[in-house]
Amino acid sequence: MPHATSPSISQEDFVSLLKTVLPVKAKKFWIACSGGMDSNVMLHLFYSAKAHIKNDMEVVYVDHGLNPDSARWGESCRTQCEYYKLMFSLLKIETTRPKEMSLEEKDAYMAIQGEKAALAKRKRVRKMANDSRRANRK
Numbered sequence: 005m006p007h008a009t010s011p012s013i014s015q016e017d018f019v020s021l022l023k024t025v026l027p028v029k030a031k032k033f034w035i036a037c038s039g040g041m042d043s044n045v046m047l048h049l050f051y052s053a054k055a056h057i058k059n060d061m062e063v064v065y066v067d068h069g070l071n072p073d074s075a076r077w078g079e080s081c082r083t084q085c086e087y088y089k090l091m092f093s094l095l096k097i098e099t100t101r102p103k104e105m106s107l108e109e110k111d112a113y114m115a116i117q118g119e120k121a122a123l124a125k126r127k128r129v130r131k132m133a134n135d136s137r138r139a140n141r142k
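First residue of the sequence shown? That's 5 in my numbering, and the numbers climb one at a time after it.
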């Protein structure tokens, strides 16, 4: 049986890819971080590329509070960013969740909260993009 292999990318290829997808005039871009293993690997890649790109970067963690561990995940992101000397922002979304729910109620609740979080995130991202455009015009 053949062994599965993970795709790999060199630092040079990653930097080249970043330069092709980042807008030329953008002074800053944001990176979403979940606190999981994939995010930690991604932060390492961005840290490695930092010296080769001119754009400022900021890592953002959105604490939805829906999982009891969400604050710990945010602190994990903060710790990684401090280690890599990357700017970090933690956005807290206040939610309330009833203590006991049936599975169906929980699914419906999570769907509604996910939509609320997505809407709030889109508004924040839109504001950040507008702020960035204004800053780039100066």
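Just so you know, even glycine gets a beta-carbon here, dropped at the ideal spot from N, CA and C.
- DSSP places S93 within a strand segment (E or B) once states are collapsed to three.
- With fewer than 16 other Cβ atoms from the protein chains shown falling within 10 Å of its own Cβ, L123 counts as exposed.
- Residues F33, I57 and N59 of the same chain have their beta carbon placed closer than 8 Å to that of L26, with the five preceding and five following residues left out of the count.
- Nearest Cα to E16 within the set N44, F50 and V45: F50.
- Within the same chain, and ignoring the five residues on either side of F18 in sequence, the residues whose Cβ sits closer than 7 Å to its Cβ are L49 and A53.
- For D73, the three-state secondary structure derived from DSSP is coil.
- Assignment of beta-bridge partners to E62 by DSSP yields W34 and M91.
- By the Cβ rule, the region 77-90 does not count as touching the region 113-129, because fewer than three pairs are nearer than 8 Å.
- In this model, K131 and I13 are separated by some 32 Å (Cα to Cα).
- Apart from sequence neighbours up to five positions away, no residue of its chain approaches K89 with a beta-carbon distance below 7 Å.
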